[in-house]
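In our numbering, the protein residues as written are 612 to 1169. Heads up, the thing below is written out as structure tokens.
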Amino acid sequence: MSFRWRRSRGRAWPRYHRGKAGVPASIPRENAVNKWLGGGLVLAMGAAAQVAGAQETAVPVELQQLDATVERVRQQFDVPGVAVAVVKDGKVLLERGWGLREIGRPEPVQADTLFAIASNTKAFTATSLNLLAEEGRLKMDDRVIDHLPSFRMSDPYVTGEMRIRDLLSHRSGLGLGAGDLLFWPTTTYSNAEVVARLAQVPLKNGFRDRYAYDNILYAVAQQVIETVSGQPFADFLQQRIFDRVGMAGTRYNADHLQPGDKAAVGHAKYDFKDLRPVAPLTWSNNAGAGGIYSSVHDLARWMNVQLSGGRLADGTPLFSEKTQQQMWQMQIPQVVAPPSVPALAPAVPNFAGYGEGWSLSDYRGQKLVWHTGGWPGQVSRLTLVPGRNLGVVVLTNQESGAAFNAITLSVLDALLEAPAHDWVAAYAASVAKAQDSADEGWQKHLAARAAKSRPSLPLSGYAGTYRDAWYGDVSVEQKGGALRLRFGATADLAGTMEHWQHDTFIVRWDNRSLNADAFVNFSLDPDGRVRDVRLQAVSSLTDFSFDFQDLLLRPVAP
612 MSFRWRRSRG RAWPRYHRGK AGVPASIPRE NAVNKWLGGG LVLAMGAAAQ VAGAQETAVP
672 VELQQLDATV ERVRQQFDVP GVAVAVVKDG KVLLERGWGL REIGRPEPVQ ADTLFAIASN
732 TKAFTATSLN LLAEEGRLKM DDRVIDHLPS FRMSDPYVTG EMRIRDLLSH RSGLGLGAGD
792 LLFWPTTTYS NAEVVARLAQ VPLKNGFRDR YAYDNILYAV AQQVIETVSG QPFADFLQQR
852 IFDRVGMAGT RYNADHLQPG DKAAVGHAKY DFKDLRPVAP LTWSNNAGAG GIYSSVHDLA
912 RWMNVQLSGG RLADGTPLFS EKTQQQMWQM QIPQVVAPPS VPALAPAVPN FAGYGEGWSL
972 SDYRGQKLVW HTGGWPGQVS RLTLVPGRNL GVVVLTNQES GAAFNAITLS VLDALLEAPA
1032 HDWVAAYAAS VAKAQDSADE GWQKHLAARA AKSRPSLPLS GYAGTYRDAW YGDVSVEQKG
1092 GALRLRFGAT ADLAGTMEHW QHDTFIVRWD NRSLNADAFV NFSLDPDGRV RDVRLQAVSS
1152 LTDFSFDFQD LLLRPVAP
């Protein structure tokens, strides 16, 4: 789900495919969408795709190039559908869609088309906790165990000192994406089981020592909201936020989509190259981290509430201005990395950090309050510029962070009267560089491989059930002349293992949209029995939520 971008949080596509290098870096510009839409129809889609009756003012001169920019983005990064809303000074300057909800079908993306907004959900979770704080039902600096006595981290000190605010700020000491395999891809674990298993997830850093993005503590936040409010999280969001803001089309997660909802279908590049639809994912066990489906029409209202200091359209408060400033206060700084290519230098901030459910940085002299969302087949970005009372949201149904970043920065430049900059070309250059780096990484694996080596054991010697302390059971079965690996709680993580070298295999998942094939290394004891198993993603561009590296699988006695 936002995420720091590896999968498509600014993702580039590696050329690694089934153990071979040299797959073309991108599909032709006549992408899958244009095979279904004639070129002359594409631009017309933007004008036709506004939701009927939307309170959109005449599009300002500064945004009249947006049609061309979005279509260029869709061509460059192979994005079937895009929706954008821009608000300023309490008004909707623009809300519309371009392209298709699903390739091969005629339904267009419109302003009321629903997308999985993934980690843009985190701001709603933070708002929910702060609403309870305003009512005096909790304090943001309360210890978590005061409200959830069973809550445990893997370190007793951190367990006792973890505050409600810490759940939202990515400063717990957990590593990047720690515990995500408990709910990504969809698992059979309940929210309560996810939170209980957190007790075994290892810490990588000191408590409040540094920023490391996680999702699992938002599962804890969800449980706090339900315990303190006495309501299911879905009901709390609906009654306390969606209904009051006027977000009539917004849904709790994919399980709550209703007949007649115009929901976009996500798309991924299977094996990093073939653009195809993907099945919807649901995070009912961690909706607090990224469950919500919404549209740019509804999110325009949400942005206006944020920019007005928490006031609804009729002037009544959803939350106080003091609460809003607290959510936008930096809780942990982030390291500002150099640009991947020179053309991205104007986007590098002077500062970066994280508040409560919001990323914080600056751009062209203005403070930004923003977040991204990453989901199988759908990624997004919502950006606020409080000093200019300006907001931009971009929702897409393909896994290209480069796409939403290029659109967002193009809109910001237009409305901030900044020097012209070709963000589409800049992000295309970054993607190309990342593709080259992925190729190089794969070539290093090939160069280090002892291709003529053989496994130390017969295949039956590797078969068995293995258990990780926090994830649970993973099985290895011999079927004919091959090994099959299966994660016990995750239907999508099942695949065939191919020998790589010595006692290392590569598991290739049956679901080729995951782009998450992994090395599987068996460590043997002196008697030639498997002592433990470690996994590592083959490609450095695999989504960080596949936190295979945190697993330590040990044999389960028969």
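Every residue, glycine too, gets a C-beta built ideally from N, C-alpha and C.
What would DSSP say about residue i, mapped onto helix, strand or coil?
{"i": "Tyr881", "result": "strand"}
{"i": "Phe930", "result": "coil"}
{"i": "Pro888", "result": "strand"}
{"i": "Phe1098", "result": "strand"}
{"i": "Ile714", "result": "coil"}
{"i": "Phe1015", "result": "helix"}
{"i": "Val634", "result": "In this prediction, Val634 scores a pLDDT of 26, lower than 50, which makes its location untrustworthy; the coordinate-derived value is nonetheless stated afterwards. Coil, per DSSP."}
{"i": "Phe853", "result": "helix"}
{"i": "Asp1154", "result": "coil"}
{"i": "Lys750", "result": "coil"}
{"i": "Arg708", "result": "The question names Arg, but residue 708 is Gly in the sequence shown. Strand at Gly708."}
{"i": "Asp1136", "result": "coil"}
{"i": "Gly649", "result": "Because Gly649 carries a pLDDT of 28, less than 50, the predicted location of this residue cannot be relied on, and the following value inherits that uncertainty. Three-state DSSP puts Gly649 in coil, outside helix and strand."}
{"i": "Leu1164", "result": "strand"}
{"i": "Arg922", "result": "strand"}
{"i": "Val662", "result": "In this prediction, Val662 has a pLDDT of 38, which is less than 50 and means its spatial position is unreliable; nothing more can be read from the coordinates."}
{"i": "Arg912", "result": "helix"}
{"i": "Ser905", "result": "strand"}
{"i": "Pro960", "result": "coil"}
{"i": "Phe735", "result": "helix"}
{"i": "Leu742", "result": "helix"}
Along the chain, where does the beta strand (DSSP E) that runs through residue i open and close?
{"i": "Gln1112", "result": "Ala1105 to Gln1112"}
{"i": "Gly692", "result": "Gly692 to Lys699"}
{"i": "Gly1002", "result": "Leu1001 to Thr1007"}
{"i": "Val990", "result": "Gln989 to Val996"}
{"i": "Gly968", "result": "Here Gly968 belongs to no beta strand (DSSP E), and DSSP marks it neither H nor E."}
{"i": "Thr983", "result": "Gln977 to Trp986"}
{"i": "Arg1145", "result": "Val1141 to Ala1148"}
Whose CA, out of the options, lies closest to the CA of residue i?
{"i": "Ser1134", "options": "Asp1158, Leu1164, Ile1117 and Gly1106", "result": "Leu1164"}
{"i": "Phe1015", "options": "Thr994, Leu1001 and Ala1025", "result": "Thr994"}
{"i": "Leu979", "options": "Trp986, Ser970, Pro987 and Val831", "result": "Ser970"}
{"i": "Arg887", "options": "Gln687, Ala1058, Ser1071 and Ile714", "result": "Ile714"}
{"i": "Val916", "options": "Ile903, Ser931 and Gly902", "result": "Ser931"}
{"i": "Asp1103", "options": "Trp913, Asp1143, Leu793 and Leu787", "result": "Leu793"}
{"i": "Ser761", "options": "Met858, Thr838, Ala744 and Val698", "result": "Thr838"}
{"i": "Asp820", "options": "Asp777, Arg992, Gly701 and Ala1049", "result": "Asp777"}
{"i": "Ala1136", "options": "Phe1130, Leu1125 and Asp1114", "result": "The sequence as given places Asp at residue 1136; Ala does not occur at that position. Nearest of Phe1130, Leu1125 and Asp1114 to Asp1136, Cα basis: Asp1114."}
{"i": "Phe853", "options": "Ala823, His878, Ala911 and Ser1048", "result": "Ala911"}
{"i": "Gln675", "options": "Val1022, Asn1000, Gly968 and Arg851", "result": "Val1022"}
{"i": "Lys873", "options": "Pro717, Glu1088 and Thr934", "result": "Pro717"}
{"i": "Asn1122", "options": "Trp1053, Leu1096, Gly1139 and Gln1112", "result": "Leu1096"}
{"i": "Val1144", "options": "Phe1116, Leu1152, Asp1154 and Asp1128", "result": "Phe1116"}
{"i": "His781", "options": "Thr934, Thr1107 and Ile827", "result": "Ile827"}
{"i": "Arg707", "options": "Ala1127, Lys1044, Val1004 and Thr934", "result": "Val1004"}
{"i": "His1056", "options": "Val1149, Gly964 and Arg992", "result": "Val1149"}
{"i": "Gln935", "options": "Thr1019, Ala948, Phe735 and Thr797", "result": "Phe735"}
{"i": "Tyr829", "options": "Gln850, Asp757, Gln849 and Leu779", "result": "Leu779"}
{"i": "Ala1105", "options": "Met914, Gly920, Glu1088 and Ser972", "result": "Glu1088"}
{"i": "Met773", "options": "Asp723, Arg1142, Val835 and Val1035", "result": "Val835"}
{"i": "Arg1062", "options": "Lys1090, Glu1109, Ala1036 and Tyr1077", "result": "The sequence shown places Ala at residue 1062, rather than the Arg named in the question. Considering only alpha carbons, the answer is Glu1109."}
{"i": "Gly877", "options": "Gly1083, Ser1064 and Val693", "result": "Val693"}
{"i": "Ala1045", "options": "Ser919, Ala823 and Ser1151", "result": "Ser1151"}
{"i": "Gly964", "options": "Val720, Ala823, Arg1142 and Ser1086", "result": "Ala823"}
{"i": "Ala1129", "options": "Phe1157, Asn816, Val1085 and Val1035", "result": "Phe1157"}
Which two residues bound the contiguous alpha helix (DSSP H) that contains residue i?
{"i": "Thr1115", "result": "Premise fails: Thr1115 lies in the beta strand (DSSP E), Thr1115 to Trp1120, not in any alpha helix (DSSP H)."}
{"i": "Phe688", "result": "Leu677 to Phe688"}
{"i": "His1056", "result": "Trp1034 to Ala1059"}
{"i": "Pro767", "result": "Pro767 to Glu772"}
{"i": "His867", "result": "First-last for His867: undefined, no H or E at that position."}
{"i": "Asp757", "result": "Val755 to His758"}
Within the region 1062-1095, ranges of the beta strand (DSSP E) (whole runs, at least 3 residues)
1075-1079 and 1083-1090
List, from N- to C-terminal side, the alpha helix (DSSP H) runs of 4 residues or more that fit wholly inside the region 776-809.
802-808
Stretch pair the region 1064-1081 + the region 982-990: three plus CB contacts closer than 8 angstroms:
no
Would you be able to state if there are at least three C-beta pairs under 8 angstroms between the region 721-731 and the region 1021-1028?
no
Determine, using beta-carbon pairs with one atom in the region 934-947 and one in the region 999-1011, whether at least three such pairs fall under 8 angstroms.
no
Ignoring anything shorter than 3 residues, give me the beta strand (DSSP E) runs that lie fully in the region 802-847, in order along the chain.
none
Count the C-beta pairs between the region 1040-1048 and the region 740-747 that are closer than 8 angstroms, then say yes if the count reaches three, no if not.
no
For the region 692-702 and the region 995-1005, state whether three or more C-beta atom pairs, one from each stretch, are separated by less than 8 angstroms.
yes
Could you tell me whether the region 875-885 touches the region 786-805, where touching means 3 or more Cβ pairs closer than 8 angstroms?
no
Could you tell me whether the region 902-911 touches the region 855-863, using the rule of 3 or more Cβ pairs below 8 angstroms?
yes
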